[in-house]
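Working notes, structure below.
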Amino acid sequence: MKRVLCDMDGVLVNSTETWLDEYRAISGDNLYPRDLKTYDFDRYAKHPKLVWKALSSGDVFRKSWPLFEAVSGFLHLGDLCDLYVVTYSHESVLDGHRAKIDWMAHHFPDFPEDQIIFTRHKHLVAADYIIEDNPAVLNKWLAAWPQGKAYIIDQPYNREFKHPRCKRVNTVLDVVMDIQEEL
Ligand SMILES: [Mg+2]
Numbered sequence: 000m001k002r003v004l005c006d007m008d009g010v011l012v013n014s015t016e017t018w019l020d021e022y023r024a025i026s027g028d029n030l031y032p033r034d035l036k037t038y039d040f041d042r043y044a045k046h047p048k049l050v051w052k053a054l055s056s057g058d059v060f061r062k063s064w065p066l067f068e069a070v071s072g073f074l075h076l077g078d079l080c081d082l083y084v085v086t087y088s089h090e091s092v093l094d095g096h097r098a099k100i101d102w103m104a105h106h107f108p109d110f111p112e113d114q115i116i117f118t119r120h121k122h123l124v125a126a127d128y129i130i131e132d133n134p135a136v137l138n139k140w141l142a143a144w145p146q147g148k149a150y151i152i153d154q155p156y157n158r159e160f161k162h163p164r165c166k167r168v169n170t171v172l173d174v175v176m177d178i179q180e181e182l
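According to numbering that gives the first Met the number 0, the residues represented by the sequence shown are 0 to 182, in order.
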């Protein structure tokens, strides 16, 4: 059985939208996800420090919703492969890991909690595939695993990313459609 790593933020969950909702509320700066051209979100903010404050002050993660077709795609993937969630919570979020575990339990009650891996070094985790939205993570992971293949979930901040072993898709369900023959 093939092993697949699946990121949370920007792949399963719309946390960027919720994060910027909170940022706009405390800063008055009209920044939306469509304005982010790269993954360095604070670069596009008029008040970069408030970007990080927004993440720690609000319960951003618990208020976030699954992205389009993420639930059906993830459930389907779980039936087909050895599926792990690989994610990280910024150190400014006091109970970030707990919030992520709770979010997974709420939306995927049958998914084993011990298959959620928290690390900021995703390239150390071996797998056949990774599903990500962050170009920097993909570059490191694909360099570390020369046989590995990747899917990037299309987001405004990752449109420039290209790699011969990475396919661009809109949703996790698109990954399932593409990957199921190989699993
Ligand atoms: Mg992400």
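Cβ coordinates follow ideal geometry from the N, Cα and C atoms, glycine included.
- Here DSSP, grouped into helix, strand and coil, assigns Glu131 to strand.
- Residue nearest to Leu182 within the set Leu82, Ala125, Thr15 is Leu82 (criterion: CA-CA distance).
- According to the DSSP secondary-structure assignment, Phe107 is paired through a beta bridge with no residue.
- Thr118 sits exposed, since fewer than 16 C-beta atoms from the chains shown fall within 10 Å of its C-beta.
- About 4 Å separates the beta carbons of Lys139 and His122, which is inside the 8 Å limit, making them a contact pair.
- Within the region 44-70, the runs of alpha helix (DSSP H) at least 4 residues long that lie entirely inside it are, in chain order, 47-56, 59-62.
- The alpha-carbon separation between Phe160 and Thr37 amounts to approximately 10 Å.
- At least one heavy atom of ligand 1 is found less than 8 Å from the C-beta of Gly9.
- Remark: C-beta atoms of Ile116 and Val84 approach each other more closely than 9 Å.
- Three or more beta-carbon pairs separated by less than 8 Å are not found between the region 123-133 and the region 100-115, which leaves the two stretches without contact.
- The Cβ atoms of Trp51 and Ser88 lie no closer than 9 Å to each other.
- Under the three-state reduction of DSSP output, Val10 falls in the coil class, being neither helix nor strand.
- By the Cβ test, the region 67-82 is in contact with the region 165-173, since at least three Cβ pairs between them sit closer than 8 Å.
- Sequence-distant partners of Pro134 (beyond 5 residues in either direction) whose C-beta falls short of 6 Å from its own C-beta, in its chain, are Asn157, Phe160.
- Taken atom to atom, the span from the alpha-carbon of Gln114 to that of Ser63 is near 21 Å.
- For Arg158, the secondary structure class from DSSP, reduced to helix, strand or coil, is coil.
- Per DSSP, the unbroken alpha helix (DSSP H) holding Leu172 starts and ends at 171-178.
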